[in-house]
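Q: Position one of the sequence shown corresponds to residue 411 (our numbering), numbered consecutively onward.
Ideal Cβ placement from N, Cα and C applies to all residues, glycine included.
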Amino acid sequence: MVLSAEQDISARIAGLREDLNAVILAHNYQLAEVQEIADFTGDSLELSVKASDTSADVILFCGVRFMAETAYILSPDKMVLLPRLESGCPMADMAEADELRDMKREQPDALVVTYVNSSAEVKAESDICVTSANAVKIVESLPKNKPIIFVPDRNLGAYVRRETGRDNITLWPGYCPTHLRITATTVKARKKEFPDAEVLVHPECSLDVIDLADTVLSTGGMLRYVAVSKAMRFIVATEMGLIHRLSQENPEKQFIPASEQAICPMMKMHRLEDVLAALEGKKHVVEIPEKTRIKAKSPIERMLEAS
Ligand code: 13P
Ligand code: SF4
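Encoded structure:
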């Protein structure tokens, strides 16, 4: 039997995965062919949990850099590989540890609540981490009298502030450029076109888009929601990559992207060739200096305990 180039690469990846005792973790926004070869595909929280309890020797992470860093922070005895080392998250790059230290000096009583979309250095300055799946619940669990600095996503922070009714939350001015491309105008146009569709919105969208949602969820939450919803059509306000899994797991349902512009270039960097090259050469290793790793681990562990 003659294999296509893609089948050949997939077969070689499967062989190396076996030889190296590797696990391939992929975020829900990855290219379809990358999701297909992954052992596990999920949202940021699900991937962190997987990374913390795998028995593999090598974790090959198809996601953005902060996700691979989180895997290493939780499992430093594993080799963590990121097929394309330059795949950083622009929102994570909007918060520097130095600036956060300055803000902490201005508000010495505040708790620092940090979205996992952040560098290890910023996590090391934080009290607790959150993801889009647990941010509201975690903030609700914190003492009401304590002010909060929410880093770095101003949109997720504004949503949490509104949901929890806490007005003592200072928002860092970061945002996701990909979710910013989803506007209230485009969502309203889609709703007009498909009035029977349910609107699923990711909390990295701005509040005016969130206001149009039937439900606001992480990518993993959207997958679980669609599986049990009676609706047959959904307008999906998040990065386009999620549509692959939604369609695969629910072939009888229709998924309409809120914006076809919502494509994260950083998430789309890893191709099958890059996965193969990283496994072959055991290269593009992600590591964090031990002092930073230890400090960054506590807020992530607090989040996992509270989730
Ligand atoms: P979740 O998959 O955790 O909802 O996160 C979305 C995201 O933007 C990750 O970069
Ligand atoms: Fe970062 Fe947005 Fe891309 Fe997620 S979708 S990795 S938050 S830029």
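Candidates Pro583, Pro493, Ala520: which alpha carbon is nearest Leu552's?
A: Of Pro583, Pro493, Ala520, the residue nearest in Cα terms is Ala520.
Q: So which of Ile434, Val685, Lys556, Glu479 has the shortest CA-CA distance to Lys707?
A: If we check each option's Cα against that of Lys707, Glu479 comes out closest.
Q: Of the residues Arg515, Phe476, Asn578, Ile558, which one's Cα is nearest the Cα of Ser529?
A: Closest option to Ser529, Cα to Cα, is Phe476.
Q: Quick one: grab the DSSP three-state call for Tyr585.
A: In the structure shown, Tyr585 sits in coil (DSSP, three-state: anything other than H, G, I, E or B).
Q: Of all residues in the structure, which have a C-beta closer than 7 angstroms to any heavy atom of the ligand SF4, taken in chain order?
A: In chain order, the qualifying residues are Tyr439, Val474, Cys499, Pro500, Met501, Ala502, Asn527, Cys586, Pro587, Thr588, His589, Glu614, Glu649, Cys674, Met676, Met677.
Q: Taking C-beta to C-beta, are Cys586 and Met501 nearer than 7 angstroms?
A: Their beta carbons are under 7 angstroms apart, which means Cys586 touches Met501 by this criterion.
Q: Looking at the ligand 13P, does it come within less than 6 angstroms of Thr629, judged from the CB to the closest heavy atom?
A: Checking the Cβ of Thr629 against the ligand 13P gives yes.
Q: Considering Thr480, what are the terminal residues of the alpha helix (DSSP H) in which it resides?
A: Counting along the chain, the alpha helix (DSSP H) containing Thr480 begins and ends at 475-484.
Q: What residues in its chain sit with their C-beta under 6 angstroms from that of Arg571, if we drop five residues either side in the sequence?
A: Same-chain partners within the cutoff: Ile579.
Q: Under three-state DSSP, which class holds Ala466?
A: Coil at Ala466, not helix or strand.
Q: What are the boundary residues of the alpha helix (DSSP H) that includes Gln417?
A: Per DSSP, Gln417 belongs to the alpha helix (DSSP H) from 415-430.
Q: Distance check for Leu470 and Met789, CA to CA, integer angstroms please.
A: This structure does not reach residue 789, given that the chain is present from 411 up to 717, and the question cannot be answered.
Q: Does DSSP classify Leu457 as helix, strand or coil?
A: Here Leu457 sits in helix by DSSP.
Q: Could you round the C-beta distance between Leu652 and Leu627 to whole angstroms and report it? I think they count as a contact, below 8 angstroms.
A: Not confirmed; about 11 angstroms, so no contact.
Q: Specify the secondary structure class of Met489 as computed by DSSP and reduced to three states.
A: The answer is strand: DSSP assigns Met489 an E or B state.
Q: I need the DSSP call for Pro553, collapsed to helix, strand or coil.
A: Pro553 falls in the coil class under three-state DSSP.
Q: Could you tell me whether the stretch 661-671 touches the stretch 596-605, where touching means 3 or more Cβ pairs closer than 8 angstroms?
A: Counting Cβ pairs under 8 angstroms, three or more are found: they touch.
Q: Measuring straight from C-alpha to C-alpha, what distance separates Ser639 and Gly452?
A: Between Ser639 and Gly452, the C-alpha separation is close to 19 angstroms.
Q: Any chance the stretch 508-517 sits against the stretch 445-460, with 3 or more Cβ pairs inside 8 angstroms?
A: Judged by Cβ distances under 8 angstroms, the stretch 508-517 makes no contact with the stretch 445-460, as fewer than three pairs qualify.
Q: May I ask you to report which of helix, strand or coil DSSP gives Gly651?
A: Coil at Gly651, not helix or strand.
Q: Rounding to the nearest angstrom, what Cα-Cα distance links Pro583 and Ala505 in this structure?
A: Cα-Cα distance, rounded: 9 angstroms.
Q: Are the stretch 439-452 and the stretch 654-663 touching by the rule of at least three beta carbon pairs closer than 8 angstroms?
A: Yes, the stretch 439-452 touches the stretch 654-663.
Q: Could you check whether Cys499 and Met713 sit closer than 7 angstroms to each other, using their CB atoms as the reference points?
A: No, they are not a contact pair.
Q: Cα separation between Ile698 and His680?
A: Those two C-alpha atoms are separated by around 21 angstroms.
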